[in-house]
Amino acid sequence: MRLKILKRGHRLLQKVQIFFISKMMGYTPGPIAVLSYRRNFFGKHYNPWLDHALRGAKHWSVGEIELFGTFVSKQNQCQYCTNDHHTMAKMSLGKEMADAVLDDFEQSTLEDRIKVVLRFLQKLTLQPHLIEEADFLPMRAQDISKEAIEEVMHVCGVFCVINRLADAFDFTMSPDTEKVARFLLKNGYAMSSLKG
Amino acid sequence: MIQALKQAVLGKGHSDPELRQQVYEKVSDQVLTGDTTPIIAPALNSYIDKLSKHAYKILDRDFEALQAEGYSEDEIFELTIVGATAAGVTRFEKGLSILQKLK
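In the order they appear, the protein sequences are chains C and S. Numbering of the first sequence is given in my numbering, commencing with residue 1 and proceeding in unit increments. Numbering of the second sequence is given in my numbering, commencing with residue 197 and proceeding in unit increments.
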């Protein structure tokens, strides 16, 4: 972590909670440190968006959402987020599907409805200025509803935020991604910004 | 939800609100047009460029350069949050504006 305030600047009750989380997870997860520090400035408001995007989707499974999150993180070359969310996608969907988004997904056995979303997410992540109506049409042709497309754009949005924060602040890599993944698959993201 | 986030990161803080607005607009411009307008402060301009385009290239020395220009840790925290928020929110908003027009 590049800023001392993100290691030692939390309020007393937050420090107590962070102590127990660190004991349980073997490290302090960067997102919790950032979303909890002066939470009225950022974490209190970003956390509901994060939870809505990753656990509020009605048209995609949790595994598919984690797969999309892994893919956006990989496009942004964020190792921290790619590792953790790839593990969640792997636990939910199996190794073959999860690994497909780390390599050339076009050559993979992923369903066409997933591939069209990945193409869209790739462009929205890396070339957002070139996004146009035509980029949405392959998804609509696969009978993906407008609501379902909005859900994947939420995933792109929240990861384009947290990927940058992970790399800028230099989050410590998770020592045990499976433990992190099990925790997040069971509990979700609603408690990422600690009160105190 | 997203509007509340934008208002919070551009509202009350330790850093100059005008500077935060400039950072937000710079990153938003990059998302919308692929181009950016420079911010007056050179070290901050270079840092926000990296944050916007390839955050994985940010190094300790980028933070050291900001601190050498007098930015406090809380100011760096806020300006980073603002830039990252602009990157995510503007992508979502641009996509949504096209999606809403689709039949």
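From the three backbone atoms N, C-alpha and C, an ideal C-beta is built for every residue, glycine too.
Just the C-alpha distance for residue i and residue j, rounded to the nearest angstrom, thanks.
i, j, result
"I21/C", "L298/S", "45 Å"
"A98/C", "L110/C", "10 Å"
"T125/C", "E106/C", "17 Å"
"T232/S", "K23/C", "44 Å"
"F273/S", "M25/C", "25 Å"
"S192/C", "G56/C", "15 Å"
"L102/C", "F71/C", "7 Å"
"D112/C", "A239/S", "45 Å"
"Y220/S", "S248/S", "10 Å"
"D260/S", "P138/C", "The question names Asp, but residue 260/S in the sequence shown is Glu. Going by the C-alpha atoms only, they are around 46 Å apart."
"K90/C", "Q203/S", "36 Å"
"L194/C", "A141/C", "42 Å"
"I5/C", "Y46/C", "19 Å"
"V278/S", "Q217/S", "8 Å"
From the options, pick the residue whose C-alpha is nearest to that of residue i; which is it?
i, options, result
"L3/C", "V205/S, L262/S, F288/S", "L262/S"
"L13/C", "G26/C, G30/C, G188/C, S36/C", "S36/C"
"A181/C", "E66/C, A134/C, A190/C, S108/C", "E66/C"
"K58/C", "H154/C, A166/C, S174/C", "H154/C"
"Y229/S", "K290/S, I294/S, L295/S, Q296/S", "Here the sequence assigns Thr to residue 229/S, which means Tyr is not the residue at that position. With distances taken between Cα atoms, T229/S lies closest to K290/S."
"C78/C", "L50/C, T172/C, F183/C", "T172/C"
Determine the DSSP secondary structure at residue i, reduced to helix, strand or coil.
i, result
"G202/C", "Because residue 202/C is not part of the residues shown, which for chain C are 1 to 196, the question remains open."
"G196/C", "coil"
"F259/S", "helix"
"H85/C", "helix"
"R287/S", "helix"
"N40/C", "coil"
"F171/C", "coil"
Checklist entry - Can you list, in chain order, the residues of the stretch 277 to 293 of chain S whose Cβ is nearer than 8 Å to any Cβ on chain C? => result Of all residues in the stretch 277 to 293 of chain S, those with a C-beta nearer than 8 Å to a C-beta of chain C are I277, G279, A280, T281, A283, G284, V285, T286, R287, F288, K290, G291, L292, reading in chain order.
Checklist entry - If you measure beta-carbon to beta-carbon, which residues of the stretch 218 to 240 of chain S are closer than 7 Å to chain C? => result Under the 7 Å Cβ criterion, the stretch 218 to 240 of chain S contributes V227, L228, T229, G230.
Checklist entry - Going along the stretch 144 to 161 of chain C in order, which residues come within less than 7 Å of chain S, judged by CB to CB distance? => result Answer in chain order: K146, I149, E150, M153, H154, C156, G157, V158, C160, V161.
Checklist entry - Taking a cut of 9 Å between CB atoms, which residues from the stretch 68 to 89 of chain C lie near chain S? => result Listed by position along the chain: N76, Q77, C78, Q79.
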